[in-house]
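Using numbering that gives the first Met the number 0, read the sequence shown as starting at 0 and increasing by one per residue. For every residue, glycine included, the Cβ atom is placed at its ideal position computed from N, Cα and C.
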Amino acid sequence: MLLTSKYAMELSRRVLNFWFLNNRWTSLENIPAKPTPVDDESLKRWFYSSPEFDQQIRENFEDDLSHLINDEYNPADYLSHPEQLLAFIIALDQFPRNIFRGDARAFSFDYKAKELSQLLINGQADKQLPYIERSFIYLPFEHSENLEDQNKAVNYMEQLYEDAKNDPSSNENVCNFVKQFVQASKQHREIIKQFGRFPHRNVILKRPPLESEEIYLRDGGERFGQ
């Protein structure tokens, strides 16, 4: 069945206010200014997770994932509400990595997140959102084990950085944040170029590793929190 507009709005409000801590999304009717900066506490939650934070996401959002993965979406509805698609993408792309850390289900929602991201991008509705929020729209491509998707991720992140850098109203906080995302996208792409997949997922997905992958991980290769 289609998501009801009431549920979509309520879920979006919960996701965005949880993920962005500085009250930037107190009203879904008013999208924050594009150069709205991010606070240090949000950064710590996003990139330095803890079992407590994983549990917090699990308790608050695990039940919502079944609705987002199984229900149908009407693109016309959500392109006029890019903040709602943003919330769905964060819930599908980010939250499973916390809820199911170390489990194959951590990646099982990626295809839907990427589908919604492409929908938003094709409609150019991503450019209505703040720069930092936009970075989360492009992460599903960065999480893909497909090189074409990785190239998209780098291109999207580079364009985002150019948009932020060339905006007279932008600021150093936002530009530095987005620049880090550009660097991270290139790092992910290099791994896919080298191995065709992310070696750290092999154990979780029960894939036989190549010797080169074992050496890479043994020598401190990226595991991205999984």
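Residue i versus residue j: straight-line alpha-carbon distance, rounded
i, j, result
"R196", "I190", "7 Å"
"A124", "E9", "20 Å"
"L67", "D38", "28 Å"
"F140", "Y72", "20 Å"
"F2", "D218", "Note on residue identity: the sequence assigns Leu, not Phe, to residue 2. Rounded to the nearest angstrom, the two C-alpha atoms are 46 Å apart."
"I56", "S4", "23 Å"
"R222", "Q117", "26 Å"
"L20", "S49", "17 Å"
"L216", "Q193", "13 Å"
"Y77", "K205", "36 Å"
"N29", "S79", "13 Å"
"Q93", "K43", "14 Å"
"L119", "E212", "35 Å"
"E40", "N16", "13 Å"
"E157", "P36", "18 Å"
"S65", "D102", "17 Å"
For residue i, the nearest candidate out of the options (CA to CA)
i, options, result
"A183", "S134, D162, R100", "S134"
"F54", "R96, Y110, K205", "The sequence shown places Gln at residue 54, not Phe. Residue R96 is the option with its Cα nearest to Q54."
"L27", "P36, R57, A90, L84", "L84"
"A90", "H80, D76, G101, L115", "L115"
"K151", "Q193, H187, Q127", "H187"
"A86", "V14, S211, N22", "V14"
"P129", "A7, K33, T25, R23", "K33"
"I111", "K126, I131, H142, N172", "A quick correction: the sequence has Lys, not Ile, at residue 111. The option with the nearest alpha carbon to K111 is H142."
"V202", "A7, A105, I98, N69", "A105"
"F46", "T35, D70, W18", "W18"
"N172", "L209, I131, S11, Y155", "I131"
"F108", "L119, E82, D63, I120", "D63"
"E82", "F99, E40, S11", "S11"
"K185", "N154, G122, N22", "N154"
"F60", "N69, I98, R23", "I98"
"V177", "Y137, D70, L209", "Y137"
"Q127", "D162, K113, G101, Q225", "D162"
"I88", "F180, E58, A7, L209", "A7"
"Q225", "K113, W24, E51, P198", "P198"
Residues bridged to residue i [DSSP beta-bridge criterion]
i, result
"E132", "Its beta-bridge partners do not exist; DSSP assigns none."
Span of the alpha helix (DSSP H), counted from its first residue to its last, around residue i
i, result
"V177", "171-194"
"E161", "146-164"
"D109", "109-121"
"D218", "First-last for D218: undefined, no H or E at that position."
"I98", "94-98"
"E40", "39-46"
*For the segment 143-152 against the segment 160-173, are there 3 or more C-beta pairs whose distance is under 8 Å?*
Taking a cut-off of 8 Å for Cβ pairs, the segment 143-152 and the segment 160-173 do not touch, as fewer than three such pairs fall below it.
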